[in-house]
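Read the structure below first, then the notes.
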Amino acid sequence: MLAWTQRAVEIVSRAGLALGALATAGIFVLLAASSLKRYVGGSPVPYTEELAGLLFVVTSVAAMPHAVSTGQHVRL
5 MLAWTQRAVE
15 IVSRAGLALG
25 ALATAGIFVL
35 LAASSLKRYV
45 GGSPVPYTEE
55 LAGLLFVVTS
65 VAAMPHAVST
75 GQHVRL
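Heads up, the sequence shown stops at 80 in my numbering, and the numbers go up one at a time, no gaps.
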């Protein structure tokens, strides 16, 4: 029973890690698109800062279970 639970936690934490990586890629794409639009079109994407901040929160929260389950989290 414990092995099954541990395997389930590992699967969920890896899914969260993948979601966090996808959100990080989204931040890079959003910032690159906004920069290109600023220099080519004259004005950046208006919601860039808010969406990048929200995606950063998604990255942090989604990747946290994997960090805790593997012992890679920051210890104070």
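In this text, a Cβ means the ideal position worked out from N, Cα and C, and glycines have one as well.
Length of the line joining the Cα atoms of Ala66 and Val16: For Ala66 and Val16, the distance between alpha carbons rounds to 10 Å.
Whether or not the region 69-80 and the region 33-49 are in contact is what I'm after, with contact meaning three or more pairs of Cβ atoms, one per stretch, closer than 8 Å; do they touch? no
In its own chain, which residues sit with a C-beta less than 7 Å from the C-beta of Ala29, not counting the 5 before and 5 after it? none
Any idea if Ser38 is buried or exposed, counting beta-carbon neighbours within 10 angstroms, 16 or more meaning buried? buried
For Ala27, is the classification buried or exposed, using 16 other Cβ atoms within 10 angstroms of its Cβ as the cut-off for buried? buried
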